[in-house]
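What the sequence shown shows, in our numbering, is residues 23 to 621, in sequence order.
Notes follow the structure.
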Amino acid sequence: MPFRSSITYKWMLLLITITTVPLLLLGTVSYSITKDAIDKKVADASKQLIRQTVDNIDISFSGYKDIVMQLITSPEIMPLLQKIRHQDESVVENLSLTSKLAYYTAVSPEFKSVSFMTESMYIKGIFRWDDQEDYKNDFYHQTIAAGNDFVWFPTRLGLYSDTADSHNEMVFSVSKQVFNIHDGRQLDMAVVLDIREEILSDILKKNAGSELGTESFLIDEKGSIISHADKSMLLTSVEQWFEENGSAALYNEDAEDSFVARYKGKEVMVNYLKLQTNDWRVVHVIERSSLYKDSDRVIQVIVIIMLAGIVFSIITAYAMASSVSSPLKKMVRAMNQVHIGNLSARIKQDPKRLDEIGRLQHHFNDMVAKIEELLDVVYQEQNNKRIAEVKALEAQINPHFLYNTLDAIKWTALFQKANNAAEMARLLSRLLHISIGKGSDTVLVQEEIEHVECYLGIQNLRAAGKFDVQFDIADEVKMYRTPKVILQPIVENAILHGFADQTEGGVISIRCREEGKRLLFEIVDNGHGFEQAVYSPEQASFDESAKGASFLGVGLSNVSERIKLICGQEYGLAITSRPGEGTAVTITLPIMKGENSDV
Numbered sequence: 023m024p025f026r027s028s029i030t031y032k033w034m035l036l037l038i039t040i041t042t043v044p045l046l047l048l049g050t051v052s053y054s055i056t057k058d059a060i061d062k063k064v065a066d067a068s069k070q071l072i073r074q075t076v077d078n079i080d081i082s083f084s085g086y087k088d089i090v091m092q093l094i095t096s097p098e099i100m101p102l103l104q105k106i107r108h109q110d111e112s113v114v115e116n117l118s119l120t121s122k123l124a125y126y127t128a129v130s131p132e133f134k135s136v137s138f139m140t141e142s143m144y145i146k147g148i149f150r151w152d153d154q155e156d157y158k159n160d161f162y163h164q165t166i167a168a169g170n171d172f173v174w175f176p177t178r179l180g181l182y183s184d185t186a187d188s189h190n191e192m193v194f195s196v197s198k199q200v201f202n203i204h205d206g207r208q209l210d211m212a213v214v215l216d217i218r219e220e221i222l223s224d225i226l227k228k229n230a231g232s233e234l235g236t237e238s239f240l241i242d243e244k245g246s247i248i249s250h251a252d253k254s255m256l257l258t259s260v261e262q263w264f265e266e267n268g269s270a271a272l273y274n275e276d277a278e279d280s281f282v283a284r285y286k287g288k289e290v291m292v293n294y295l296k297l298q299t300n301d302w303r304v305v306h307v308i309e310r311s312s313l314y315k316d317s318d319r320v321i322q323v324i325v326i327i328m329l330a331g332i333v334f335s336i337i338t339a340y341a342m343a344s345s346v347s348s349p350l351k352k353m354v355r356a357m358n359q360v361h362i363g364n365l366s367a368r369i370k371q372d373p374k375r376l377d378e379i380g381r382l383q384h385h386f387n388d389m390v391a392k393i394e395e396l397l398d399v400v401y402q403e404q405n406n407k408r409i410a411e412v413k414a415l416e417a418q419i420n421p422h423f424l425y426n427t428l429d430a431i432k433w434t435a436l437f438q439k440a441n442n443a444a445e446m447a448r449l450l451s452r453l454l455h456i457s458i459g460k461g462s463d464t465v466l467v468q469e470e471i472e473h474v475e476c477y478l479g480i481q482n483l484r485a486a487g488k489f490d491v492q493f494d495i496a497d498e499v500k501m502y503r504t505p506k507v508i509l510q511p512i513v514e515n516a517i518l519h520g521f522a523d524q525t526e527g528g529v530i531s532i533r534c535r536e537e538g539k540r541l542l543f544e545i546v547d548n549g550h551g552f553e554q555a556v557y558s559p560e561q562a563s564f565d566e567s568a569k570g571a572s573f574l575g576v577g578l579s580n581v582s583e584r585i586k587l588i589c590g591q592e593y594g595l596a597i598t599s600r601p602g603e604g605t606a607v608t609i610t611l612p613i614m615k616g617e618n619s620d621v
């Protein structure tokens, strides 16, 4: 027997499924809940952290704007500016102005340089911009166009020089148009404060962490990275670090948002928040894989438990299945022995086993014992049947002796000119021949009609023809089969009871036809009739107590029972009768086709 069809395999599969499926569901649900909880907590923490970062940057930027306002409202600096702006040099250096501005850079080391410029003049502050004419023009025109507003310029590589040396440094700037503090008139002069980018990267570093794989950086409204701990990413576009347009959400008009994207080849959670001071945005990136280290450990533990559960299930299932399959295999072997005829096969029972298997073994042994006993009884009955058959063969000599004797009486009567006696002997011989036949329960319809004709011939010879018989038999039904000797008892009852005390005018009509899948005999007489309820084949028996019971005698009961035994319970007799109107008997039979009888 294949292993997959064995009980052991099915038990093991069932227990492994019962063990594994709940663990899989538990692991999936646990991981999903943990993941969602981590995502929510990290997103909330990231948003809180990024808000704090934005607040710190906004506070710093607010301080820078205050410094700018102090510069353009200083009573020491403004007179110098008024004096310098009337000079004709395109680039002006003023020692007094430089000395005044040195105070601010000393107090605030994050400042790199302070510069003043008009449309035609650049006024050097602490350091001088070197070879940056495009910046000078852009800074001046954008600042003047902004009117009284502050203008913020993103990070750039600034080239600075003084009397000692020249050097480069990453800076971002804030500018404002200079105005007259006395009457508020704009002086068409811009002040530009350059601030070291390191100030922003130091603030952003507080959001970064190596364990969680986080990064924070600042971008301008065009998506350029203007501050990052990794200096190689400065001044690059944020789009080149995100895959599949993952940075598109950073350009939304929303001041704050959170989304998942691919960043540097990794799946990350991105949070950004716009500054209050300008349109720059702080972006916080967290690697999602680093968030789920704890939940991954939970999954690992669940997998280990699941594997242990599967191993335990296999061992338990095998032990349990063996406890069931082993006795069943013994029973199968015993059944195979019984199948090949060894009825002495028995299962060795464990008296301590009182479960279903034990009861099944007990009943199996008991059943086989009873089968063996019944076979012995059947064997004995077969022997008795053979003895009876021998006796039946011997008894066949008596009917043949009777036929031969009647035939001798017939010829003796003919020799003695007793023609009626001879005819009666012939009819009686033929009637007995059809009745006995060869032991079959059925005969052809035409033979059953001949049987009735023989009986009626004898009765007519006895009664000197005081009744008439009419036959209406369809040709197509004559070769159908019917239980034998079912018409004669009905005709006999009609003659004995229907025509009692009637000297002439008696008529018996016998019809046979096929109706659907049934064969119908109708025997109708015009005799005395009787009072009775209609009898149908579905009734169990005749009502012997009813009036007319003399008609419904033992002969009809015998006919009815034989029809039901041979053809089925739905077949039999139906009798209707009324006093003075005669009696009608309908016999309902199935269509039974067969060969000619040898009767």
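All residues carry an ideal CB built from backbone N, CA and C; glycine is no exception.
In this text the structure is predicted, and so the values were computed from the model without any measurement.
Inclusion of S582 and G590 in the CB contact set at 7 Å is not warranted, their separation being larger than that value. A straight-line Cα-Cα distance of about 12 Å links I588 and R503. Excluding five sequence positions before and after A65, the CB atoms of its chain that fall closer than 8 Å to its own CB belong to S280, M291, N293, given in chain order. Note on D377: under 16 other CB atoms within 10 angstroms of its CB, so exposed under the neighbour-count rule. DSSP places I495 in no alpha helix (DSSP H) but in the uninterrupted beta strand (DSSP E) bounded by 489 to 495.
Residue burial annotation: L48 is exposed, with fewer than 16 other C-beta atoms found within 10 angstroms of its C-beta. If you check the CB distance, D547 and G520 come in under 7 Å. With respect to the 7 Å criterion, I495 and I530 are not classified as neighbours on the basis of their beta carbons. Contact between A596 and T610 holds: their C-beta atoms lie close to 7 Å from each other, under 8 Å. Cβ-Cβ distances below 6 Å link R368 to N387 in the same chain, with the five nearest sequence neighbours on each side left out; the list follows chain order. Taken atom to atom, the span from the alpha-carbon of I145 to that of I241 is near 30 Å. Looking from the CA of G287, the closest CA among L37, V307, G479 belongs to V307.
Distance from the CA atom of I79 to the CA atom of L222, rounded to whole angstroms, is 7 Å. As DSSP reads the structure, L595 sits in a beta bridge with I609. In the three-state reduction of the DSSP assignment, Q298 falls in the coil class.
Distance between S84 and E275, taken at the CA atoms: about 23 Å.
Here DSSP, grouped into helix, strand and coil, assigns P601 to coil.
In this structure W174 is buried. Its beta-carbon is surrounded by 16 or more other beta-carbon atoms within 10 angstroms. By the neighbour-count criterion, in which 16 or more other beta carbons inside 10 Å mark a residue as buried, D77 falls on the exposed side. Q208: member of the beta strand (DSSP E) spanning 208 to 218, first to last residue. S238 sits buried, since 16 or more C-beta atoms from the chains shown fall within 10 Å of its C-beta.
For the set K392, R375, A341, D252, the Cα lying nearest the Cα of L365 is the one of K392. Judged by DSSP in its simplified three-state form, W263 adopts coil rather than helix or strand. If you ignore the 5 residues before and after L46, its C-beta comes within less than 8 Å of the C-beta of M328, all in its own chain and listed in chain order. Within the same chain, and ignoring the five residues on either side of S96 in sequence, the residues whose Cβ sits closer than 8 Å to its Cβ are K122. Here the alpha carbons of M357 and V399 stand approximately 22 Å from one another.
Take I321, set aside five residues on each side of it, and the residues of its chain with a beta-carbon closer than 7 Å to its own are G49, Y53, in chain order. A contact between stretches requires three or more CB pairs, one per stretch, nearer than 8 Å, and the region 31 to 46 fails this requirement with the region 263 to 273. The criterion of a C-beta distance shorter than 7 Å is satisfied by S197 and V214.
Counting of Cβ neighbours within 10 angstroms places R381 among the exposed residues, the total staying below 16. By the Cβ-count criterion, P373 is exposed, with fewer than 16 other Cβ atoms from all chains shown falling within 10 Å of its own Cβ. Per the coordinates, the alpha-carbon of Q104 lies some 10 Å from the alpha-carbon of M211. In the three-state reduction of the DSSP assignment, T177 falls in the strand class, which pools E and B.
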